[in-house]
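Just so you know, the sequences run in chain order A and B.
Counted from 1, the first sequence has number 51 at position 51 by the working numbering; the numbering is strictly sequential.
Converting from the second sequence to the working numbering requires adding 1000 to each position, the first position being numbered 1.
Note that CB positions come from ideal geometry on N, CA and C, so glycine has one too.
Here is the structure we will look at, set down as structure tokens.
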Amino acid sequence: MKRIRGIRVQKNVRTSLRLELKDKPGQLLAAIEPISRIGANVITISHQRDTKSQNGALIVDIIISLPEARLPELIDALRKNEVAVVRIGTEYLTCTKTFILIGHILHTDLTDTVNRIDKANVAEVTELQLIMPKVSERSTAKLTIKAVGEAEMGNAITILKEVSREKHLLIIDEIAGDL
Amino acid sequence: MKLWKIALIGLGSVGRGVAQVLKDNPQFIIIAAADSKSGVINPSGLDIEVLLAKKKTTGRCGDPKLSAARIAAEADYDILIEVTPTNSVTGEPALSTIKTALLRSKHVVTSNKGPVSLASAELLGIAEEKNVGFLFEGTVAGAVPILRGIKYGLAGNKITALYGVLNGTCNYILTRMEGEGLTYEQALAEARDLGYAEADPSSDINGTDAAIKLVILANTMLGMNVTLADVNQTGISGLTVAALHMANINGQSIRLIASLNPEKNTLEVSPRLLPKDNPLVVSGTLNAVTVETEYAGAITFIGRGAGSVETASAILADLLFITDKYDR
Ligand SMILES: NC(=O)c1ccc[n+]([C@@H]2O[C@H](COP(=O)([O-])OP(=O)(O)OC[C@H]3O[C@@H](n4cnc5c(N)ncnc54)[C@H](OP(=O)(O)O)[C@@H]3O)[C@@H](O)[C@H]2O)c1
Chain A
1 MKRIRGIRVQ KNVRTSLRLE LKDKPGQLLA AIEPISRIGA NVITISHQRD TKSQNGALIV
61 DIIISLPEAR LPELIDALRK NEVAVVRIGT EYLTCTKTFI LIGHILHTDL TDTVNRIDKA
121 NVAEVTELQL IMPKVSERST AKLTIKAVGE AEMGNAITIL KEVSREKHLL IIDEIAGDL
Chain B
1001 MKLWKIALIG LGSVGRGVAQ VLKDNPQFII IAAADSKSGV INPSGLDIEV LLAKKKTTGR
1061 CGDPKLSAAR IAAEADYDIL IEVTPTNSVT GEPALSTIKT ALLRSKHVVT SNKGPVSLAS
1121 AELLGIAEEK NVGFLFEGTV AGAVPILRGI KYGLAGNKIT ALYGVLNGTC NYILTRMEGE
1181 GLTYEQALAE ARDLGYAEAD PSSDINGTDA AIKLVILANT MLGMNVTLAD VNQTGISGLT
1241 VAALHMANIN GQSIRLIASL NPEKNTLEVS PRLLPKDNPL VVSGTLNAVT VETEYAGAIT
1301 FIGRGAGSVE TASAILADLL FITDKYDR
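Right under this line is the structure:
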């Protein structure tokens, strides 16, 4: 972050987005319009008419440059236009935190736990390691979550804590701040 | 030099440490003492060697008809030292003993967490009204001068957050699980054998002991108004060796951390991940507290959180604070 005469100016970051568009006219515009409105620069768009997702939507990969803090706003605007953001390039998820979960993790559907965090789209589980002594015993998992920013990380943690409570998992998180 | 007359209530580990520390200090004489079954008064001063020897051989320090309550209400002391077991539910009988003394305009020093965590505002209020000292440095982190460190050492600094390792038993268990790969059960058994854990260690293990200390810090040092029920509490009994192992590979340790944030009004005791080089990652039974402050940045206090003469050290500091500030 640079400071110009006391005003905090956020530097632009590059972000790659994978979008899913409904296969009907005007959809590409629905995707481009919020991007330019928010002041992001489009660096590349790749849009292959013949690659479709399982549910028949068109896939568009796009790399943009915008102030980092505005990414959640852009994603909201895209969603309002019925454009789904299905992936955000992890290299732009700048906030990383590690968690340890203890409990009957497999029995309680690990995929569901991970999906619920990934669903928010601005945070994702990038690493998962599991130690399971015996099927009947509690297992231990290490989980790394990356998020677009502190606020998004906060939301991911809230989801993780909710899931842990529901599934009776003991969650150990990193101490906050930079002590 | 003024001679200060002490009534010592409780002759267990801490009480005996206090007696030892005061034995060679010409400023103080112990004129009364009590344990759970008896009491003794001698206005010209008890012989500490004789007192401790009698307690050791007979299990009693004095006359079964003389109770702690009577000593608090009737004996002619300047300062009452209350070092009986912590009752975190009612604070009794210590709470009544302390009140009796304060209402008689006597100074009180204690290491008993029960009355302080339950009724600090009321007790400090009486002390102020009667113009006497009510001090309890030993209730939090034993020998570590954390209360005075915050109140005087960091005076004027706003505290934005506090993190502490406040239970030596848990810290010992985690250190052994991490270092030797012991299971939780093995490490607990070892802590018991070494006398670090009580016969019933549940209030250490489930985080209650640390939570009580956190409540004392919150209410008496950070201007909060909370109770034990406000602390979000998770103990260490669910931890696996694998968890400590995974943390280790990542350059991290797991410690039972008591934390509070005065602005968000949140209090928590739970196992947390910390970088190994964080000063809070102390070994064995040590305690540590990091205070994040407005001007001074982060400051960490580390030292022995329990022990007979260690806790007596905190009590001695409280006594000297009183003799310094008050002339009676
Ligand atoms: N030990 C530590 O390292 C440490 C550190 C910080 C704070 N503390 C706190 O300091 C306090 C004392 O700890 P401790 O380890 O010394 O405990 P302890 O070894 O169990 O000793 C307690 C003493 O209090 C006496 N007592 C019990 N009920 C009594 C009553 N109703 N009236 C008068 N005396 C009574 C006991 O009498 P009997 O001898 O007849 O049993 C015993 O002498 C506790 O509140 C503890 O939480 C302890």
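Taking CB distances under 7 angstroms as the criterion, tell me whether residue i reaches chain A.
i	result
T1240 of chain B	yes
P1262 of chain B	no
L1222 of chain B	no
M1001 of chain B	no
M1177 of chain B	no
L1154 of chain B	no
A1141 of chain B	no
P1271 of chain B	yes
L1274 of chain B	yes
A1243 of chain B	yes
Hey, would you say the C-beta of residue i is under 6 angstroms away from at least one heavy atom of ligand 1?
i	result
K1056 of chain B	no
L1316 of chain B	no
P1093 of chain B	yes
G1010 of chain B	yes
N1225 of chain B	no
V1083 of chain B	yes
N1171 of chain B	no
S1313 of chain B	no
K1099 of chain B	no
D1204 of chain B	no
N1131 of chain B	no
T1086 of chain B	yes
D1035 of chain B	yes
N1157 of chain B	no
How many angstroms separate the CA atom of residue i from the CA atom of residue j?
i	j	result
I1031 of chain B	L1244 of chain B	51 angstroms
A1072 of chain B	T1234 of chain B	38 angstroms
P133 of chain A	F99 of chain A	19 angstroms
R3 of chain A	A1296 of chain B	Annotation note: pLDDT 37 at R3 of chain A (below 50); position unreliable, coordinate value reported separately. Those two C-alpha atoms are separated by around 25 angstroms.
F1028 of chain B	V1241 of chain B	50 angstroms
G1181 of chain B	T1110 of chain B	38 angstroms
S1067 of chain B	P1026 of chain B	27 angstroms
R18 of chain A	I175 of chain A	33 angstroms
G103 of chain A	P1262 of chain B	32 angstroms
S53 of chain A	N1287 of chain B	56 angstroms
G89 of chain A	A123 of chain A	10 angstroms
I32 of chain A	V163 of chain A	35 angstroms
S1259 of chain B	N1219 of chain B	14 angstroms
V1231 of chain B	L1214 of chain B	8 angstroms
A1019 of chain B	L1103 of chain B	25 angstroms
S16 of chain A	K1264 of chain B	36 angstroms
D173 of chain A	L143 of chain A	10 angstroms
A151 of chain A	A1141 of chain B	34 angstroms
L179 of chain A	P1145 of chain B	In this prediction, L179 of chain A has a pLDDT of 49, which is less than 50 and means its spatial position is unreliable; what the coordinates show is noted afterwards. Cα-Cα distance, rounded: 21 angstroms.
Less than 7 angstroms between CB atoms is the rule here; does residue i satisfy it with respect to chain B?
i	result
E174 of chain A	yes
L170 of chain A	yes
I32 of chain A	no
I117 of chain A	no
I35 of chain A	no
K142 of chain A	yes
I100 of chain A	yes
I38 of chain A	no
I105 of chain A	no
Residue j and residue i - do their beta-carbons sit closer together than 7 angstroms?
i	j	result
A40 of chain A	I64 of chain A	yes
I1098 of chain B	P1115 of chain B	yes
Y1172 of chain B	T1290 of chain B	no
C1170 of chain B	I1236 of chain B	yes
A1312 of chain B	G1017 of chain B	yes
A141 of chain A	A147 of chain A	no
V1281 of chain B	L1274 of chain B	yes
I45 of chain A	I62 of chain A	yes
S1096 of chain B	K1130 of chain B	no
L1159 of chain B	T1293 of chain B	In the sequence as presented, Leu is not what sits at residue 1159 of chain B; that position holds Ile. Against a cut-off of 7 angstroms, the Cβ pair of T1293 of chain B and I1159 of chain B comes out as a contact.
A1211 of chain B	L1228 of chain B	yes
F1134 of chain B	L1123 of chain B	yes
I1006 of chain B	I1126 of chain B	no
A1119 of chain B	V1108 of chain B	no
V125 of chain A	E20 of chain A	no
L1003 of chain B	A1033 of chain B	no
Output, in chain order, the set of chain E residues within a Cβ distance shorter than 9 angstroms of residue i.
i	result
T111 of chain A	The structure shown has no chain E; the protein chains it does contain are A and B.
Every unbroken alpha helix (DSSP H) inside the region 72-124 of chain A [4 residues or more]: If we require 4 residues or more, the alpha helix (DSSP H) runs fully inside the region 72-124 of chain A come out as 110-118.
Just list the alpha helix (DSSP H) runs in the region 145-170 of chain A, keeping only unbroken ones of 4 residues or longer that don't cross its boundaries, in chain order. As far as the region 145-170 of chain A is concerned, its whole alpha helix (DSSP H) runs of at least 4 residues are 150-166.
Every unbroken beta strand (DSSP E) within the region 1249-1315 of chain B, with a cutoff of 3 residues, ordered by chain: Uninterrupted beta strand (DSSP E) stretches at least 3 residues long and entirely within the region 1249-1315 of chain B occur at 1252-1261, 1266-1275, 1286-1293, 1297-1304, given in chain order.
Suppose only complete runs of 4+ residues qualify. What are the alpha helix (DSSP H) ranges in the region 1212-1256 of chain B, listed by chain order? Fully enclosed alpha helix (DSSP H) runs of 4 or longer: 1241-1249.
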